[in-house]
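In my numbering, the protein residues as written are 677 to 1221. A virtual CB, placed ideally from N, CA and C, is assigned to each residue, including glycine. These figures come from a predicted structure and were not determined experimentally.
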């Protein structure tokens, strides 16, 4: 007895029953696999099969979430390009103008030198001039680029119907983009403004939701208000312990712990919504946080320290370390105070997994399907200052801050092998030479960098990536409970090299890690090693094709 799971002819998945047990036939890459579902209840069998189909779809080249994300990203890119021209004094406009200046200043200076040479020699050197587009021309060119979706392949089962709406949306978007571009070319700003407004309205950008259902008000105070109340309450455990006064020094220390990074992270969050997982996330970040008594951390803003911690740029000996236990005590006393007052139901610190990460800095990694989604997103439509960093960290393992500082002159050649000269922002070991993986050439990343293409700041990359993970429905923690972030690509890079049987020494060189013992004394990291490193880089295969 067979039950067809799809109305499509020659559907690749069938549910059937043998005796009392349901089985599934799964067709993948020309092979048919038969698996027992270990149940005699049809509803349960159907639910299991649905999950199998969803997971198999995730392992294909395209997912429904990815299609939606690509459309949303194209819409936002079009709005940014139009807004930059129509509102040049806006934050978006100023940022785009600054980026355009960085991209064209090299060619502008070159043309000035050619002009000077013409004056000295009296010769016509016009063939040596480089074209420098105006800011308006560059934004119009962005608007006129057509959008497209990644092509479905044999692993993307049942997605044909899901292509219809994204295809229509991109068609509508391209019409608006063309209308705006032509209006700007003709100095018809009224039409350009009207089309931009219509574009936003069509895709519900910045519009008020139709639902009148108001969000329920939080039943507990926000962390900032609760902290203020806690500090002002002289009868709290902040000032009294076992009916004895606590020293001013001890009280102030706890206030400082709660008023720093913790307040920054939870400022507007109701304390009743802070659970063990939320505290875990905060303490994972705190475990990478720098002590502020030494430079360069001493002179950094809180945001800069957070960025350094998120990127893993703080050497182990300069991190908060043992202070974490005292910070945990301060946080626990805070929540215990409000639990005893009946404001919250329990102290969430009891549910955190403190010992799992207090000693280390392990990061979560992405699955094969998730890496596939990121790569497909980055290689669909034109490269930009966000997509290029994704591909760079996947195939070079560079740190966020290193990627944001890449210049066109950093692409060099050694013995016929192209490599990127990483100048490093952290230690002497961070300075290194990474051969360019063939995929970076295939995807156009190398040419993008050589031509002076814009690369966003480290902070912007992190913010955009967090939104991208959310839109792709990728959990912030992996199956081991370890946190995922943009930096996780470095974890996948190192794991991929190890899986490809690359030596530990080469992995250390490519990652920018320090040597120890004899290796530190006698082995240098010169550019002459680039050809050998290229052989190691070619061992990196994510097997997504």
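Is it right to say residue i is buried, meaning 16 or more other beta carbons lie within 10 angstroms of its own, or is it exposed?
i	result
residue 1089	exposed
residue 866	exposed
residue 1208	exposed
residue 1115	buried
residue 1231	Residue 1231 cannot be examined here, being either before or after the span of the chain that is shown, 677 to 1221.
residue 1197	Residue confidence for residue 1197 is low, a pLDDT of 46 falling below 50, so the modelled location carries little weight; the figure read from the coordinates is stated next. The residue is exposed, with fewer than 16 neighbouring Cβ atoms inside 10 Å.
residue 921	exposed
residue 880	exposed
residue 822	exposed
residue 987	buried
residue 845	buried
residue 798	exposed
residue 1020	buried
residue 940	exposed
residue 1138	buried
residue 1044	exposed
residue 847	exposed
residue 849	buried
residue 1049	buried
residue 719	exposed
residue 984	buried
residue 1167	buried
residue 796	exposed
residue 1076	buried
residue 1017	exposed
With a CB to CB cut of under 7 Å and the five nearest residues on each side skipped, what residues in its chain are close to residue i?
i	result
residue 1155	none
residue 869	762
residue 981	965, 966, 973
residue 1131	1061, 1064, 1065, 1079, 1080, 1082
residue 1093	1111, 1206, 1207, 1210
residue 808	780, 783, 784, 787
residue 801	790, 793, 794
residue 1128	779, 782, 1084
residue 860	761, 812, 816, 868
residue 1073	1166, 1169, 1170, 1186, 1187
residue 1035	A caution first: residue 1035 carries a pLDDT of 49, below 50, which makes its placement in the model unreliable, though a value can still be read off. Contacts found: none.
residue 757	815, 818, 819
residue 942	899, 950
When DSSP labels each residue in this structure, what does residue i get in the three-state scheme?
i	result
residue 1167	helix
residue 764	coil
residue 1156	coil
residue 1089	strand
residue 999	helix
residue 799	coil
residue 691	strand
residue 991	coil
residue 1057	coil
residue 913	coil
residue 898	strand
residue 1029	coil
residue 1212	helix
residue 1099	coil
residue 927	helix
residue 888	Low confidence applies to residue 888: its pLDDT is 48, below 50, so where it sits in the model is not reliable, and the reading given next is rough at best. Note: residue 888 maps to coil in three-state DSSP.
Less than 8 Å between C-beta atoms, sequence neighbours within five positions excluded: which residues of the same chain meet that for residue i?
i	result
residue 994	966, 967, 970, 973
residue 1182	1173, 1208, 1209, 1212
residue 874	852
residue 936	978
residue 1029	952, 956, 1157
residue 741	1049, 1147, 1148, 1149
Thinking residue i and residue j are a contact (beta carbons under 8 Å), I'd like their distance in whole angstroms, please.
i	j	result
residue 1121	residue 1158	About 28 Å separates the two Cβ atoms, so there is no contact after all.
residue 977	residue 945	About 22 Å; that fails the 8 Å criterion.
residue 1024	residue 951	5 Å
residue 1176	residue 1217	7 Å
residue 1041	residue 1161	Not a contact, Cβ separation roughly 11 Å.
residue 1300	residue 902	Because the chain is modelled from 677 through 1221, residue 1300 falls outside the range shown and cannot be assessed.
residue 1003	residue 906	So it is not a contact: roughly 15 Å between Cβ atoms.
residue 914	residue 842	About 54 Å separates the two Cβ atoms, so there is no contact after all.
residue 1148	residue 745	6 Å
residue 1109	residue 1203	5 Å
residue 1006	residue 930	4 Å
Comparing the C-beta of residue i with each C-beta of chain C, is any distance below 8 Å?
i	result
residue 1008	Absent here is chain C; the protein component of the structure consists of one chain.
Could you name the residues of the same chain whose beta carbon sits closer than 6 Å to that of residue i, not counting the 5 residues immediately before and after it, in chain order?
i	result
residue 776	811, 814
residue 772	760
residue 804	790
residue 1195	For residue 1195, the pLDDT reaches just 47, beneath the cut-off of 50, and the residue's location in the model is therefore unreliable, although a value from the coordinates is still provided. For residue 1195, where only same-chain residues beyond five positions count, there are no Cβ hits under 6 Å.
* Identify every run of the alpha helix (DSSP H) within the segment 947 to 972, keeping only runs that are complete inside it and at least 4 residues long; order them along the chain. => Runs of the alpha helix (DSSP H) inside the segment 947 to 972: 952 to 963.
* Asked: If you scan the segment 1109 to 1155 from start to end, which runs of the alpha helix (DSSP H) of 4 or more residues do you find wholly inside it?
  -> Runs of the alpha helix (DSSP H) inside the segment 1109 to 1155: 1114 to 1118, 1121 to 1126, 1134 to 1147.
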